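These notes are about the structure you will find just below.
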Amino acid sequence: MTVGDFGEFSLVTRIARRLPQGDGVLLGPGDDAALVSAPDGRVVLSTDLLLEGRHFRRDWSSGQDIGRKAAAQNLADIAAMGARPTALLVGLGLPPGTAVAWVDELFDGLCEECALVGASVVGGDISRSEAVLLGVTALGDLGGRAPVTRAGARPSDVVAVAGRLGHAAAGLALLSAGARGSGPLVDAHRRPRPPYAMGPRAAELGATAMLDVSDGLLQDLGHVADAGGVRIELDSAAFAVPEELRQAAAELDADPLAWMLTGGDDHALAATFPAGTGLSGQWQVIGTVTEGQGVLVDGREFGKGGWDHFAE
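Once you know that position 265 of the sequence shown is 265 in UniProt numbering, the rest is easy, because the numbers rise by one and skip nothing.
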């Protein structure tokens, strides 16, 4: 059965019944708006847009994969502010021929990813469209902490990352080269694994700046450098290149370090910390903050890279 056969309001009712609600949800789907508690008195918000053919392909990823990915990239933005994600709102555009079972999978994926951080899908909207379109808004709670923005990096800070780098880019390259089925890199493209808990933990440790790596490490750290009026200097020797990246790079005649520096969609967290901060093994120090501007690798510019929606 397709969503065209099912009808808008029957589909909305079906989706709402699949959405478990957490303790912080005072009023969930079914009314004009949801009501979510905000114990901190402030709400952290972020939104992202995912377009079929631009951000995902249904022949490469299942509905569940796409739901997990859509939730992950929004929840990671909340964690990157040092906050705990609490809720998602989902705007969904669907072609009328879309299978209802695929929509079930999509929302199962959204809910599964939310469950990792104790968040809930609390509402949204549905409309007809020519291709699948997902607009996701995430909410979060700071728990009394100050938000960690992009603008606080200072000379002498160290730069560290938590989470995977380059895996999603390598997976995309393999899929583009004809790979099918599953594997650690292809799966990384389909389902990111952001280190959600490390965002609030970084705030507790005194992180001076932080963001999630969605568009490529160099490009995203460039935002930190610009916002703070500083230079970021990275040491290529500090990057431990996983064996699966080396193997894929050899197969595709690519540079695995380039994937780690310029590939997006892993949603690792990159942060700056005062020198001497005791960082756990989940944080890998990869460079320092100095006076100046821009981002350098081994003292020089690495070259262009990173995601730009309007680049050819």
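Glycine included, C-beta positions come from ideal geometry on N, C-alpha and C.
The model shown is predicted, which means the values in this text are computed figures rather than measured ones.
Asked	Found
Since A160 is in the beta strand (DSSP E), which residue starts that stretch and which ends it?	V158 to A162
According to the neighbour-count rule (16 or more other Cβ atoms, all chains shown, within 10 Å of its Cβ), is D5 buried or exposed?	exposed
State the start and end residues of the unbroken alpha helix (DSSP H) segment that holds R246.	E243 to L252
If you draw a straight line from the C-alpha of F310 to the C-alpha of G53, how long is it?	Unreliable placement is indicated for F310, whose pLDDT of 47 sits below 50; no coordinate value is reported for it.
When burial is assigned at 16 or more other CB atoms within 10 Å of the CB, is A33 buried or exposed?	exposed
How about L94 and I66: do their beta carbons lie closer than 8 Å?	no
Specify, as a first and last residue, the run of the beta strand (DSSP E) that L49 falls within.	V44 to L51
State buried or exposed for R300, treating a residue as buried only when at least 16 other CB atoms are found within 10 Å of its CB.	exposed
What does DSSP give as the partner residue(s) for M210 in the beta ladder?	A271
Between S122 and L110, how many whole angstroms is the CB-CB distance? I'm expecting something under 8 Å.	Correcting the residue identity first, residue 122 is Val in this sequence and not Ser. With a Cβ gap of about 11 Å, V122 and L110 do not count as contacting.
On a Cα-Cα basis, can you pick out the residue from L205, P155, D31 and P192 that is closest to R145?	L205
Would you grab the beta carbon distance between A72 and E113 for me? Rounded to a whole angstrom, and I think it's under 8 Å.	5 Å
Alpha carbon to alpha carbon, what distance is there between H167 and L19?	30 Å
Who are the near neighbours of D48 in its chain, counting only those whose CB is closer than 6 Å to its CB and skipping five residues on each side?	Q73, N74 and V136
Do you know offhand how far V159's Cα is from V3's?	48 Å
Can you find the residues in the same chain that come closer than 6 Å, C-beta to C-beta, to A169, ignoring five residues on each side of it along the sequence?	W259 and G263
So for A56, helix, strand or coil by DSSP?	The sequence given here places Phe at residue 56; Ala does not occur at that position. Of the three classes helix, strand and coil, the one that applies to F56 here is strand, per DSSP.
Excluding the 5 residues preceding and the 5 following V12 in the sequence, name in chain order all residues of the same chain whose CB lies nearer than 7 Å to its CB.	I126
Please report the straight-line C-alpha distance between L185 and A250, rounded to a whole angstrom.	14 Å
Quick one: residues in its chain with C-beta nearer than 6 Å to the C-beta of A188, no 5 flanking neighbours on either side, listed in chain order?	H167, A168 and G171
With burial defined as no fewer than 16 other Cβ atoms inside 10 Å of the residue's Cβ, what is the status of F9: buried or exposed?	exposed
Please report the Cβ distance between V224 and A275, rounded to the nearest whole angstrom; I am assuming they are in contact, meaning their Cβ atoms lie under 8 Å.	That pair is no contact at about 16 Å.
Enumerated in chain order, which unbroken segments of the beta strand (DSSP E) with a length of 3 residues or greater are wholly contained in the segment 51 to 101?	84 to 94
Residue range of the alpha helix (DSSP H) that E8 falls in?	E8 to R17
Just to confirm, is the Cβ distance from F140 to I78 under 8 Å?	Here residue 140 turns out to be Gly, not Phe, going by the sequence shown. Contact flag set, yes.
What separation, rounded to the nearest whole angstrom, lies between the Cα atoms of I232 and A271?	11 Å
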